[in-house]
């Protein structure tokens, strides 16, 4: 009788887990970000289907990533959203953050960062590094970091320079091993320049539509 009960419990857990993943996948098909084209949606489905549950950090609009948070049941999803937006994501921890740089400053920031690199300044102290992040963001080893925010759709709006730079810092932390950094809107100059500069073109493993996937590996003991 005990053996029968244990078997029944195992089957129930298996079916329950399968239903959660199936329901999340159906939700993902329906609720993916409306600005993505068909190839991009398929890329995101395939990308996360093989990785969840995992630790996911998103720079972007919480509402557009609710489906991924639902799919990542059993994992951790944290969304860093422009503090001017209203939190809308469910199944995720959403933090409002403030960006101090505008898209119009991109060229100057890139030039200054290269000068800092020549002088071997601490990368954490760069003016591009986001310092107002919750401790949880720095303490967690992230499997995936998605950069799809802030919007950066006008010269006056916050660009993605700082989020791309900080994503690179997080991926190279001592407590991380392998981190995928996925950047959206790489058809735009800022996303293209800063991804190549701070995530390194040699780490680019996949591109689909306007998404680039960088795989950053930290050697043991680094």
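Residue numbers (mature numbering (1 follows the signal peptide of the UniProt record, and there is no 0)): -17 to -1, 1 to 205.
Where a beta carbon is used, it is the ideal one built from N, C-alpha and C, also for glycine.
From a predicted model like this one, the values you see are computed outputs, not experimental measurements.
By alpha-carbon positions, which one of 137, 120, 144 and 126 ends up nearest to residue 208?
Within the shown structure, residues of the chain are numbered from -17 to 205, placing residue 208 beyond reach of any answer.
Rounded C-beta distance between residue 65 and residue 132? I'm assuming under 8 Å.
6 Å
Check residue 133 in the structure and name its three-state DSSP category.
coil
May I have the straight-line CA-CA distance separating residue 178 from residue 184, to the nearest angstrom?
8 Å
Can you list, in chain order, the residues of its chain with a C-beta nearer than 6 Å to that of residue 60? Leave out the 5 residues immediately preceding and following it.
39, 52 and 75
Since I believe residue 84 is in contact with residue 144 (beta carbons under 8 Å), could you give me their beta-carbon distance rounded to a whole number of angstroms?
Right, their Cβ atoms sit about 6 Å apart.
For residue 147, tell me which candidate among 168, 48 and 158 has the shortest Cα-Cα distance.
168
Where do the N-terminal and C-terminal ends of the alpha helix (DSSP H) with residue 181 fall, by residue?
No alpha helix (DSSP H) holds residue 181; DSSP gives it neither H nor E.
When the distance is taken between beta carbons, is residue 63 closer than 8 Å to residue 80?
yes
Which residue marks the beginning of the beta strand (DSSP E) containing residue 38, and which one marks its end?
38 to 42
What separation, rounded to the nearest whole angstrom, lies between the Cα atoms of residue 181 and residue 21?
28 Å
With a 10 Å radius around its C-beta and 16 neighbouring C-beta atoms as the bar for buried, classify residue 87 as buried or exposed.
exposed
Tell me, please, which residues DSSP counts as bridged to residue 64.
For residue 64, which the question treats as bridged, DSSP gives the partners 79.
Would you list the one or two residues that DSSP bridges to residue 199?
162
What residue does the alpha helix (DSSP H) around residue 22 start on, and which one ends it?
Start and end: 21 to 32.
Report buried or exposed for residue 174, applying the criterion of at least 16 other Cβ atoms within 10 angstroms of its Cβ.
buried
Are the Cβ atoms of residue 154 and residue 188 separated by less than 8 Å?
no
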